[in-house]
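Visitor: Remember, the working numbering sits 16 above the position in the sequence shown when you count from 1.
Cβ coordinates follow ideal geometry from the N, Cα and C atoms, glycine included.
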Amino acid sequence: MIVRLCDNPRMSPATRISRAHCEALDRNDPLAFARARFELPEGLVYLDGNSLGALPRTTAQVMARTVTGEWGNGLIRSWNQAGWIALAVETGRRIARLIGVQSDEVIACDSTSINLFKLVAGAYSAARLQDPARKVILSEKGNFPTDLYMTEGLARLAGSDVELRWVEGEDLAAHFGSDVAVALFTQVDYRSGRVLDMAAMNRAARAAGHDIVWDLSHSAGALDLHLARDGAELAVGCGYKYLNGGPGAPAFAYVARARQASFPMILSGWMGHAAPFDFDPAYVPASHVGRFQCGTPSILALRALDEGVATFDGVDMAALRAKSLALSGLFWDLMETHCAGFGFVCISPRDTARRGSQLSFSHPQAWPIMQALIDRGVIGDFRAPDLLRFGFTPLYLRHANVWDAVMILREVMISGAWRAGRHQVRQAVT
Ligand SMILES: Cc1ncc(COP(=O)(O)O)c(C=O)c1O
C-alpha cells in the first residue's frame with residue numbers, strides 16, 4: 017500500500033502531539049530500562065538498528081576479557097576451560113526464546129547467506145528424495161538479493177534437476193504446489209517492512225507438501241515471534257541487526273527438533289561432526305543442533321553476539337512489539353503533519369499487522385536528504401533507487417527521539433540543506 021503525504025493534511029492526532037507529549041510517553045515506557053544497556057553517543061538519534069544494532073554496554077569489557085584472559089592467557093585451553101566449544105549452541109539457546117522455539121533448536125553460526133544455503137539445499141534434497149517431481153525452488157522476486165543469489169548458486173550445482181521460480185504479488189501461497197521442493201521467503205521485506213503471514217503461509221505449504229525456509233533477518237529481535245506455534249520448521253536470521261551482535265556478527269539457523277536427525281547435511285563441515293576430535297574420515301553429523309555449524313566458529317564474534325542477544329534478557333517480546341509499532345506509528349503521524357508537501361511517499365504498510373519495525377519513504381532526492389539528516393545526527397539509511405529507511409529499535413529508541421528526527425527532517429527540507437554538494441556524493445555502503 018502506498019500512502020502519499022499530501023500538501024494539506026487532515027487534522028490528525030499528530031497535530032496535537034508535542035515533544036512534551038513524547039517525553040511523557042517515554043516516562044511511561046515499560047521498556048525504558050533497556051536503553052541503559054547500550055552505549056549511544058549523546059544527542060544522536062539512531063534509526064538504523066535494523067541495519068547495524070547499537071553497541072551493548074557490556075560488549076567491550078567482555079571482548080577485552082575474552083582477548084586478554086581467554087585467548088592471551090588461556091590460549092588453546094580455552095576451547096574447553098572457557099566454554100568456547102559450546103558457545104555457538106549456548107548463544108543459539110538465547111536466540112531461541114526470541115523466536116519462540118525450543119532452546120536446543122537454534123545455533124549461532126556462519127552468515128545468513130551460508131545458513132540459507134544449508135537449509136534450502138537440505139530441504140530441497142530431502143524433498144527430491146521423497147518425490148523427484150518436486151523440482152521448483154520458489155521465492156519472491158523482491159526478496160533480499162543474497163537469498164536469490166545463494167539459491168541461484170545451488171541451482172548451478174544441481175543443473176537441470178532444479179527450476180527456480182521467483183514470484184510476486186499479494187498471494188504468494190497461490191504459487192505453492194506439487195512441483196515445489198522448497199520455498200524461501202523473508203518475513204519482513206527489507207525495503208518496505210511488509211510482514212508476511214507466517215502461520216497462514218506455513219499452513220498452505222504443509223497442505224502443498226513442502227517446506228518454507230524463513231529469513232528472519234528483519235524479524236528476530238523486532239517482532240513477537242512464535243515460530244513453533246506458527247508451524248515454521250526451518251529459519252535463518254541475522255545477528256548484527258536487531259540482535260546487536262556487532263558488524264558482521266554470526267547469524268543463526270533454526271531447525272525444528274523433529275527435523276534435525278534426518279535433515280540432509282549439504283555443507284558437512286567437521287565442526288558439525290558428532291565427534292570432531294576423533295578425526296574420523298567418515299562424516300557422522302552430531303545428533304543435536306551443533307550439526308548445523310560447518311567450520312571453527314569465530315569466538316570473538318560469538319562473544320559479541322552473545323552480549324547483543326543478552327540485551328533482550330527479561331524483555332517481554334509482546335511489549336517490545338507494541339513499542340515498535342507505537343514508535344513507527346508516531347513517526348508516520350508526525351511525518352503527515354510536519355513533513356507533508358515535501359514529496360515523501362511512505363511505501364510501508366499502514367496496517368500494523370503487516371508492518372515490521374521500520375518505515376520507508378520514497379523521494380527522488382532520498383540519498384542527499386539522508387546524508388543531510390546524518391550530518392545533523394539522525395541516522396537512518398538509503399536503499400536504491402530512492403528510499404529513505406528508518407528503523408525503530410524499541411530497546412533503545414525513545415518517543416522523543418522520533419519527534420526530534422521528524423523535526424530535523426523538516427528543517428532539512430525547509431532549509432534545502434540537502435542540496436549541499438557534499439551530500440550528493442555516493443559512498444560504498446548506503
Ligand atoms: C533479509 C536479509 N537476508 C540476508 C541478509 C544478508 O545476510 P549476511 O550478510 O549475514 O549473509 C540481509 C542483510 O541485510 C538481509 O536483509
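Buried or exposed, going by whether 16 or more other CB atoms sit within 10 Å of the CB of Gln77?
Guide: Result: exposed.
Visitor: May I ask which residues mark the beginning and end of the beta strand (DSSP E) holding Gln374?
Guide: Its beta strand (DSSP E) spans residues 374-378.
Visitor: Leaving aside the five residues before and after Phe424 along the sequence, list all residues of the same chain whose C-beta is less than 6 Å from its C-beta, in chain order.
Guide: Correcting the residue type first, residue 424 is Ile in the shown sequence and not Phe. Once the five neighbours on either side are set aside, the close Cβ partners of Ile424 are Arg392, Val394.
Visitor: Quick check on the burial criterion: 16 or more other C-beta atoms within 10 angstroms. Buried or exposed for Phe268?
Guide: When all chains shown are included, Phe268 counts as buried.
Visitor: By the three-class DSSP mapping on this structure, what secondary structure does Pro72 have?
Guide: Looking at Pro72 - three-state DSSP - the assignment turns out to be strand.
Visitor: Going by the beta-carbon positions, is the gap between Gly324 and His234 smaller than 9 Å?
Guide: Their beta carbons are not under 9 Å apart, which means Gly324 does not touch His234 by this criterion.
Visitor: Taking 6 Å as the limit, tell me which residues put their C-beta closer than that to any heavy atom of ligand 1, in chain order.
Guide: So the residues near ligand 1 by this Cβ test are Ser127, Thr128, Ser129, Phe160, Thr162, Asp163, Thr202, Tyr206, Asp231, Ser233, His234, Cys254, Ala267.
Visitor: Quick one: measure Cβ to Cβ for Ser194 and Gly175, integer angstroms, because I've assumed they're closer than 8 Å.
Guide: Between Gly175 and Ser194 the Cβ distance is about 22 Å, and since that is not below 8 Å, they are no contact.
Visitor: Can you tell me where the beta strand (DSSP E) with Ile228 in it begins and where it stops?
Guide: Its beta strand (DSSP E) spans residues 227-231.
Visitor: Could you check whether the Cβ of Ala48 sits closer than 9 Å to any Cβ belonging to chain C?
Guide: The structure shown contains no chain C, having only a single protein chain.
Visitor: Under the rule that 16 or more other beta-carbon atoms within 10 Å means buried, what is Gln203, buried or exposed?
Guide: The residue in question, Gln203, is buried, as its Cβ has 16 or more Cβ neighbours within 10 Å.
Visitor: Within its chain, find whatever has a CB closer than 7 Å to the CB of Ala112; leave out the 5 residues flanking it on each side and keep chain order.
Guide: These residues qualify, in order along the chain: Gln118, Ser119, Glu121, Val122.
Visitor: Which one or two residues does DSSP pair with Ile430 in a beta bridge?
Guide: Note: Ile430 sits in no beta bridge, so no partner.
Visitor: Would you give the residue range spanned by the alpha helix (DSSP H) that Val204 belongs to?
Guide: Looking at the DSSP string, Val204 is not in any alpha helix (DSSP H), and its letter there is neither H nor E.
Visitor: Count the other C-beta atoms from every protein chain shown that fall within 10 angstroms of the C-beta of Ala80, then say buried if there are 16 or more, exposed otherwise.
Guide: Exposed, by the Cβ-count rule.
Visitor: Where does His234 fall in DSSP's three states?
Guide: If DSSP states are grouped into helix, strand and coil, His234 belongs with coil.
Visitor: Hey, could you find the ends of the beta strand (DSSP E) Cys125 is sitting in?
Guide: 122-125 is the extent of the beta strand (DSSP E) around Cys125.
Visitor: Give me, in chain order, the residues of the same chain whose beta-carbon lies closer than 8 Å to that of Arg245; leave out the 5 immediate sequence neighbours on both sides.
Guide: Closer than 8 Å at Cβ, skipping near neighbours: Gly116, Ala215.
Visitor: How many Å lie between Asp163 and Lys157 at the Cα?
Guide: Near 10 Å, if we compare the C-alpha coordinates of Lys157 and Asp163.
Visitor: What residue range is occupied by the uninterrupted beta strand (DSSP E) comprising Ser155?
Guide: Unbroken beta strand (DSSP E) run through Ser155: 152-156.
Visitor: Tell me the rounded alpha-carbon separation between Ala421 and Trp348.
Guide: The straight-line gap from Cα to Cα measures roughly 11 Å.
Visitor: Give me the DSSP bridge partner(s) of Arg371.
Guide: Paired residue(s): Arg210.
Visitor: In the DSSP output, what is Tyr270 paired with across the bridge?
Guide: Answer is Val122, Ala251, bridged to Tyr270.
Visitor: Please classify Asp397 as buried or exposed, where buried requires at least 16 other C-beta atoms within 10 Å of its C-beta.
Guide: The residue in question, Asp397, is buried, as its Cβ has 16 or more Cβ neighbours within 10 Å.
Visitor: Determine which residues share a DSSP beta bridge with Leu403 and list them.
Guide: Answer is Ser378, Arg399.
Visitor: Can you tell me which of the three DSSP states Glu106 falls into?
Guide: Helix, per DSSP.
Visitor: Taking its Cβ as the centre, do 16 or more other Cβ atoms sit within 10 Å of Pro384, making it buried, or is it exposed?
Guide: By the 10 Å Cβ count, Pro384 comes out buried.
Visitor: On the three-state DSSP scale, how would you describe Gly62?
Guide: This sequence places Tyr at residue 62; Gly is not what is there. Looking at Tyr62 - three-state DSSP - the assignment turns out to be strand.
Visitor: By a C-beta neighbour count over all protein chains shown, 10 Å radius and 16 as the cutoff for buried, is Thr452 buried or exposed?
Guide: Summary: the structure shown does not reach residue 452, with the chain confined to residues 17 through 446, and so no result is reported for it.
Visitor: At which residues does the beta strand (DSSP E) containing Val183 begin and terminate?
Guide: Looking at the DSSP string, the run of the beta strand (DSSP E) that includes Val183 is 179-183.
Visitor: Out of curiosity, what's the CA-to-CA distance linking Asp205 and Trp230?
Guide: Taking the straight line joining both Cα atoms gives about 12 Å.
Visitor: What does the alpha-carbon distance come out to for the pair Ser129 and Val445?
Guide: One C-alpha to the other measures close to 18 Å.
Visitor: Check whether the Cβ atoms of Ile228 and Leu259 sit closer than 9 Å, and answer yes or no.
Guide: Cβ distance not < 9 Å, so Ile228 and Leu259 don't count as in contact.
Visitor: Please go through the same chain and pick out, in chain order, the residues whose beta-carbon is closer than 8 Å to the beta-carbon of Pro72, but skip the five residues on each side of it.
Guide: Within the same chain, Pro72 has close Cβ partners Arg53, Phe54, Glu55, Asn260, Glu323, Gly324, Ala326, Thr327.
Visitor: If you draw a straight line from the alpha carbon of Ala11 to that of Gln146, how long is it in whole angstroms?
Guide: The first residue shown for the chain is 17 and the last is 446, placing residue 11 beyond what the model contains.
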